[in-house]
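Undergrad: Let me begin by handing over the structure; questions about it come next.
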Amino acid sequence: MNRKMCLPMLLMTLSVLLVLAACSKKENTEQSNNMAEQPAQPAAAATPIDPATVATINGTVKFDGPAPKAAKIDMSQDPGCKGTNQAENLVVDHGDLANVFVYVKDGLGNRTFDVPSTPVELEQQGCRYHPHVLGVMAGQTVDIKNADPTTHNIHPTPKDNREWNESQPPSSPAIEKNFAREEIMLPVKCNQHPWMKMYINVVKNPFYAVTDKDGKYEIKGLPPGDYTIAFVQEKLGEQDQKVTVAAKETKTVDQSFKPAAD
Amino acid sequence: MSLWAERVPALPPAVSRSFNSCSATLMSTPYKAVGLPFNRGHHRFAVLLACWTFLLIIAGALVTSNDAGLSVPDWPTSFGSWYKIPKLVGGVQFEHTHRMIAQGAGLLTIVLAIWTWRVEKRRWMRILGFAALATVIAQGILGGLTVLFYLPPPISSAHAALAQTFFCIAVAMAVFTGQRWVEEQPRVDFDQRRPSLFTLTLLSIFVLYVQLILGAMFRHHGLSWWPHVVHAAVVSFVLAWTAIRALTVYSQIEAVRRSAILMLSLLIAQLCLGFTAFLTRVEWGKDAVQPELPMVISTVAHVAVGALLLATTVVLAIQVWRHAPIAFEERLPEAQRTPSTA
Numbered sequence: 002m003n004r005k006m007c008l009p010m011l012l013m014t015l016s017v018l019l020v021l022a023a024c025s026k027k028e029n030t031e032q033s034n035n036m037a038e039q040p041a042q043p044a045a046a047a048t049p050i051d052p053a054t055v056a057t058i059n060g061t062v063k064f065d066g067p068a069p070k071a072a073k074i075d076m077s078q079d080p081g082c083k084g085t086n087q088a089e090n091l092v093v094d095h096g097d098l099a100n101v102f103v104y105v106k107d108g109l110g111n112r113t114f115d116v117p118s119t120p121v122e123l124e125q126q127g128c129r130y131h132p133h134v135l136g137v138m139a140g141q142t143v144d145i146k147n148a149d150p151t152t153h154n155i156h157p158t159p160k161d162n163r164e165w166n167e168s169q170p171p172s173s174p175a176i177e178k179n180f181a182r183e184e185i186m187l188p189v190k191c192n193q194h195p196w197m198k199m200y201i202n203v204v205k206n207p208f209y210a211v212t213d214k215d216g217k218y219e220i221k222g223l224p225p226g227d228y229t230i231a232f233v234q235e236k237l238g239e240q241d242q243k244v245t246v247a248a249k250e251t252k253t254v255d256q257s258f259k260p261a262a263d
Numbered sequence: 244m245s246l247w248a249e250r251v252p253a254l255p256p257a258v259s260r261s262f263n264s265c266s267a268t269l270m271s272t273p274y275k276a277v278g279l280p281f282n283r284g285h286h287r288f289a290v291l292l293a294c295w296t297f298l299l300i301i302a303g304a305l306v307t308s309n310d311a312g313l314s315v316p317d318w319p320t321s322f323g324s325w326y327k328i329p330k331l332v333g334g335v336q337f338e339h340t341h342r343m344i345a346q347g348a349g350l351l352t353i354v355l356a357i358w359t360w361r362v363e364k365r366r367w368m369r370i371l372g373f374a375a376l377a378t379v380i381a382q383g384i385l386g387g388l389t390v391l392f393y394l395p396p397p398i399s400s401a402h403a404a405l406a407q408t409f410f411c412i413a414v415a416m417a418v419f420t421g422q423r424w425v426e427e428q429p430r431v432d433f434d435q436r437r438p439s440l441f442t443l444t445l446l447s448i449f450v451l452y453v454q455l456i457l458g459a460m461f462r463h464h465g466l467s468w469w470p471h472v473v474h475a476a477v478v479s480f481v482l483a484w485t486a487i488r489a490l491t492v493y494s495q496i497e498a499v500r501r502s503a504i505l506m507l508s509l510l511i512a513q514l515c516l517g518f519t520a521f522l523t524r525v526e527w528g529k530d531a532v533q534p535e536l537p538m539v540i541s542t543v544a545h546v547a548v549g550a551l552l553l554a555t556t557v558v559l560a561i562q563v564w565r566h567a568p569i570a571f572e573e574r575l576p577e578a579q580r581t582p583s584t585a
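Chains A and B supply the protein sequences, listed in that same order. Heads up, my numbering is the position in the first sequence plus 1, with the first residue counted as 1. Heads up, my numbering is the position in the second sequence plus 243, with the first residue counted as 1.
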């Protein structure tokens, strides 16, 4: 090869190598994602729970730091979106942290549970999702309603469940959906109103709750035993606690989150 | 007839004499024009398609920057209809406007392909017209696939890259049908340097394409930002090298000089816009709850100027190929193939 052509060839090779390096890194990530998409293990036969022995876990989730100012949302893109709106990704009131999903992550063994026949509701009102964080059992129906005078689309972007994207005009019937696999903090968004985001948490047991505006939660009907309780917040991540509950016990399990490091 | 043969039907004796006598690396001589009547209407229509395509690229960039790619969830229909225009609010205003401009581009391309077929004597131009049509059809299908498969990064990035390919084809057709191209007596300066300027322009197009794909993959969440940013250094080096070579050696050829100056100016503008887009999106916008105006403006401008930069580089390559072709020995008369002995 002509020596004068070495530099152009080198630059071309550099470009290609950069693409390959970037792609190979992505492939590794995809491999780990694929690992996560393995279907849930089939559960063994259900173990009946004695209602006379069940325990309760409750508590408050705190935010250990100065309360961040919620960002205002500009909804002027759509006249059908009325009212004020602000970001809900970190809702703190006097140190109490709302919208934390609390669930029994481990300790239930191979127990199985009946899927509730009553659906849970997800409503779009004021171009916001209500609630912002939702818990549902795998296979349980979610009724999605549109109370706004504008069209929304509902677009879950799951890792382990099937992705879909459907539009819902005003006054149209509820969209009924369910999610087959366990998945925590499954993002749902509206592509027509890009500020509209919420999270659905799909679990295999009925022992879950979402903290209210006072940071409080309560999980009832738990059989006595040793459990791992997970507290998951969309921005701050997950924190776990080991808990032992005796029969008929009501145990308070508080948790606090520190501000995320930038 | 090839474009080369049409431009340089045979090497005149004056050229070979000049080749031998010239101690510098260049030779200059006027050549005959294409020899076709200039069709103003056809040329203007090609320019219209190029401008329309640029508008379409901006509309597409607005869709991505506003995260509105799936606001119309179906394709090829829009909310189940082939012709009804939905209420243009929220993300729909970006996505459906993009679709309508794209339909316009498709129609313009069909007309241009047929018009070219009917009026053009140059066979390769007739083929180029239908290549443009095939590209716009493939682009439409890719756009549909991005919707149906929920914006997979490889398909969305291919959609972004093919958009700019189509823009380059449209710009090239506008150049090839232009009055200068058709009627001008092109000045030809053979290039004996290695790497030749033409090779450098091809290398520039290659690195710009790689940069385009890396940028599109980042925009569509398929890659991190760093490959695009790191590769910007390679692009800057190659384009600066190309522009400096063109301006220092071929500044007397207006078509080459103008394209090189424009390319260099766009490169500087693009680097500034890239830095701004990085700040507004990666640094300041990472926790944004919705697409913010500074991010939208800077990223859309970055895409638009990127398209102009690629098209300008293609035009530069075309002009270099026309005015400063590589001096292969095979192109010279047999007796003149050892120029250094004169």
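Ideal Cβ placement from N, Cα and C applies to all residues, glycine included.
1. Given that a residue counts as buried once 16 or more other Cβ atoms are within 10 Å of its Cβ, and exposed if not, what is B/ALA476?
2. Along the alpha helix (DSSP H) that carries B/GLN382, what are the first and last residues, could you check?
3. Closer than 7 Å, Cβ to Cβ, to anything on chain B: give me those residues from the stretch 168 to 201 of chain A, in chain order.
4. Which bits of chain B does A/GLN78 rub up against, with CB to CB less than 7 Å?
5. Quick one: list the residues of chain B neighbouring A/LEU18, beta-carbon separation under 7 Å, in chain order.
6. How big is the Cα-Cα spacing for B/VAL414 and B/ALA289?
7. Exposed or buried, which one is B/TRP360 when buried takes at least 16 other CB atoms within 10 Å?
8. Between the C-alpha atoms of A/ASN162 and A/HIS156, what's the straight-line distance to the nearest angstrom?
9. Since B/GLY312 contacts B/THR389 with CB under 8 Å, what's their CB separation in whole angstroms?
10. May I have the straight-line CA-CA distance separating B/TYR493 from A/SER168, to the nearest angstrom?
11. By the DSSP assignment, the alpha helix (DSSP H) with A/GLY96 in it spans what residues?
12. From B/SER467 to B/PHE461, what distance separates their C-alpha atoms?
13. My output table needs one value for B/GLN454: the three-state DSSP class, helix, strand or coil.
14. Starting from the C-beta of B/ILE496, find all residues in its chain whose C-beta is less than 8 Å away, skip the five residues before and the five after it, and write them out in chain order.
15. Determine the direct distance from the alpha carbon of A/TYR104 to that of A/GLN240, and round the result to whole angstroms.
16. Three-state secondary structure (DSSP) at A/MET157?
17. For B/LEU552 versus B/SER502, is the C-beta distance shorter than 8 Å?
18. How long is the line joining the alpha carbons of B/ILE344 and B/VAL354, rounded to whole angstroms?
19. Excluding the 5 residues preceding and the 5 following B/ILE412 in the sequence, name in chain order all residues of the same chain whose CB lies nearer than 8 Å to its CB.
20. Going straight from the alpha carbon of A/THR57 to that of A/PRO224, what length do you get?
21. Compute the Euclidean distance between the alpha carbons of B/PHE521 and B/PRO396, then round it to the nearest angstrom.
22. May I ask you to verify whether the stretch 328 to 338 of chain B touches the stretch 76 to 86 of chain A, counting CB pairs closer than 8 Å and requiring at least 3?
23. Going along chain B, which residues have a C-beta under 7 Å from A/GLY110?
24. If you measure from the beta carbon of B/ALA570 to each beta carbon in chain A, is any gap under 8 Å?
25. If you reduce the DSSP assignment to three classes, tell me which class A/GLN141 lands in.
26. In the structure shown, what three-state DSSP assignment does B/HIS471 receive?
27. Mind listing the chain A neighbours of B/PRO316? Cutoff is C-beta to C-beta under 7 Å, in chain order.
28. So which residues of chain A does B/ASN309 contact, with C-beta pairs closer than 7 Å?
29. Looking only at C-alpha atoms, which of B/VAL532, B/SER400 and B/ASP310 sits nearest to A/GLN193?
30. Starting from the Cα of A/ASN147, find the closest Cα among A/ASP94, A/MET197 and A/THR119 and give me that residue.
31. Does the separation of the CB atoms of A/ASN86 and B/SER314 fall below 8 Å?
32. Which first and last residues belong to the beta strand (DSSP E) in which A/SER257 is found?
33. Excluding sequence positions up to five away, which residues of its chain have a Cβ less than 6 Å from the Cβ of B/ALA304?
34. Whose CA, out of A/CYS128, A/GLY110, A/ALA175 and A/LYS205, lies closest to the CA of A/TYR88?
35. Judging by CA-CA distance, which residue of B/ALA404, B/ARG365, B/TRP527 and B/ALA554 is the nearest neighbour of B/ALA459?
36. Pull up the distance between the alpha-carbon of A/THR178 and that of B/ALA554, whole angstroms please.
TA: Based on what the coordinates show:
1. The residue labelled residue 476 of chain B in the question sits at position 233 within the second sequence. Exposed, because fewer than 16 other Cβ atoms sit within 10 Å of the Cβ of B/ALA476.
2. The sequence position of residue 382 of chain B within the second sequence is 139, counting from 1. 366 to 391 is the extent of the alpha helix (DSSP H) around B/GLN382.
3. Taking 7 Å as the Cβ-Cβ cut-off against chain B, the residues of the stretch 168 to 201 of chain A that qualify are SER168, ASN192, GLN193, HIS194, PRO195 and TRP196.
4. Position 77 of the first sequence, counting from 1, holds the residue named residue 78 of chain A. Identification of chain B residues near A/GLN78 by a Cβ-Cβ cut-off of 7 Å yields VAL332 and GLY333, ordered along the chain.
5. If you number the first sequence from 1, residue 18 of chain A lands on position 17. Neighbours of A/LEU18 on chain B: none; closest Cβ ~10 Å, over 7 Å.
6. Stepping through the second sequence from its first residue, residue 414 of chain B is reached at position 171. Stepping through the second sequence from its first residue, residue 289 of chain B is reached at position 46. The straight-line gap from Cα to Cα measures roughly 8 Å.
7. Your numbering for residue 360 of chain B matches position 117 in the second sequence. Classification for B/TRP360: exposed.
8. Taking the first sequence and counting its residues from 1, the one referred to as residue 162 of chain A is at position 161. Taking the first sequence and counting its residues from 1, the one referred to as residue 156 of chain A is at position 155. C-alpha separation (whole angstroms): 12 Å.
9. Within the second sequence, residue 312 of chain B is the residue found at index 69, counting from 1. Within the second sequence, residue 389 of chain B is the residue found at index 146, counting from 1. Correct: roughly 7 Å between the Cβ atoms.
10. Taking the first residue of the second sequence as position 1, residue 493 of chain B is located at position 250. Taking the first residue of the first sequence as position 1, residue 168 of chain A is located at position 167. Between the C-alpha atoms of B/TYR493 and A/SER168 there is a straight-line separation of about 57 Å.
11. Here residue 96 of chain A refers to the residue found at position 95 when the first sequence is read from its first residue. Run containing A/GLY96: none; DSSP gives neither H nor E here.
12. What you label residue 467 of chain B is simply residue 224 of the second sequence in a count that begins at 1. What you label residue 461 of chain B is simply residue 218 of the second sequence in a count that begins at 1. The alpha-carbon of B/SER467 is positioned some 6 Å away from that of B/PHE461.
13. Residue mapping note: residue 454 of chain B aligns to position 211 of the second sequence, counting from 1. Here B/GLN454 sits in helix by DSSP.
14. Within the second sequence, numbered from 1, the residue matching residue 496 of chain B stands at position 253. Non-local C-beta neighbours of B/ILE496 in its own chain, meaning closer than 8 Å and more than five positions away in sequence, comprise ARG430, ASP432, GLN562, HIS566 and ALA567, ordered along the chain.
15. Working through the first sequence from its first residue, we reach residue 240 of chain A at position 239. Working through the first sequence from its first residue, we reach residue 104 of chain A at position 103. Taking the straight line from one Cα to the other gives about 11 Å.
16. Counted from its first residue, the first sequence places residue 157 of chain A at position 156. Looking at the sequence itself, residue 157 of chain A is Pro, so the reference to Met does not match. Note: A/PRO157 maps to strand in three-state DSSP.
17. The residue labelled residue 552 of chain B in the question sits at position 309 within the second sequence. The residue labelled residue 502 of chain B in the question sits at position 259 within the second sequence. B/SER502 sits away from B/LEU552, with the two beta carbons spaced by 8 Å or more.
18. Position 101 of the second sequence, counting from 1, holds the residue named residue 344 of chain B. Position 111 of the second sequence, counting from 1, holds the residue named residue 354 of chain B. Cα to Cα, the separation comes out at about 15 Å.
19. As a first step, residue 412 of chain B is located in the second sequence; it is residue number 169 there, counting from the start. The beta carbon of B/ILE412 sits closer than 8 Å to the beta carbons of LEU371, ALA374, ALA375 and THR378 from its chain, once the five residues preceding and following it are set aside; these are given in chain order.
20. The residue you call residue 57 of chain A lines up with position 56 of the first sequence. The residue you call residue 224 of chain A lines up with position 223 of the first sequence. Taking the straight line from one Cα to the other gives about 9 Å.
21. The count along the second sequence starts at 1 and reaches residue 521 of chain B at position 278. The count along the second sequence starts at 1 and reaches residue 396 of chain B at position 153. Those two C-alpha atoms are separated by around 19 Å.
22. In short, these stretches touch, since the Cβ pair count reaches three.
23. Within the first sequence, numbered from 1, the residue matching residue 110 of chain A stands at position 109. Those do not exist, as A/GLY110 stays about 36 Å from chain B at its closest Cβ, beyond 7 Å.
24. Mapped onto the second sequence, residue 570 of chain B falls at position 327. Chain A, which has no Cβ nearer than 8 Å to the Cβ of B/ALA570, makes this no.
25. As a working note, residue 141 of chain A is residue 140 in the first sequence. It is coil, neither helix nor strand.
26. Indexing the second sequence from 1 puts residue 471 of chain B at position 228. Residue state for B/HIS471 is assigned as helix, using DSSP reduced to three classes.
27. One-based indexing of the second sequence puts residue 316 of chain B at position 73. Chain A residues near B/PRO316: ASN154, ASN166, GLU167 and SER168.
28. Counting from 1 along the second sequence, the entry for residue 309 of chain B is found at position 66. Within 7 Å Cβ-Cβ: PRO195.
29. Here residue 193 of chain A corresponds to residue number 192 of the first sequence, with the count starting at 1. Comparing C-alpha distances from A/GLN193 to each of B/VAL532, B/SER400 and B/ASP310 shows the shortest one belongs to B/ASP310.
30. The residue you call residue 147 of chain A lines up with position 146 of the first sequence. Answer by Cα proximity: A/MET197.
31. To locate residue 86 of chain A, count along the first sequence from 1; it is residue 85. To locate residue 314 of chain B, count along the second sequence from 1; it is residue 71. No, these two residues do not count as a Cβ contact at 8 Å.
32. For the purposes of this step, residue 257 of chain A is identified with residue 256 of the first sequence, where counting begins at 1. If you look at A/SER257, you'll find it in the beta strand (DSSP E) that goes 256 to 258.
33. Within the second sequence, numbered from 1, the residue matching residue 304 of chain B stands at position 61. VAL543 and VAL546.
34. On the first sequence, position 87 is the one that residue 88 of chain A refers to. Here residue 88 of chain A turns out to be Ala, not Tyr, going by the sequence shown. Distance check between A/ALA88 and each of A/CYS128, A/GLY110, A/ALA175 and A/LYS205 places A/CYS128 closest, using alpha-carbon atoms only.
35. Locating residue 459 of chain B in the second sequence gives position 216, counting from the first residue. The closest CA to that of B/ALA459, considering only B/ALA404, B/ARG365, B/TRP527 and B/ALA554, is found on B/ALA404.
36. If you number the first sequence from 1, residue 178 of chain A lands on position 177. If you number the second sequence from 1, residue 554 of chain B lands on position 311. Correcting the residue type first, residue 178 of chain A is Lys in the shown sequence and not Thr. Between the C-alpha atoms of A/LYS178 and B/ALA554 there is a straight-line separation of about 47 Å.
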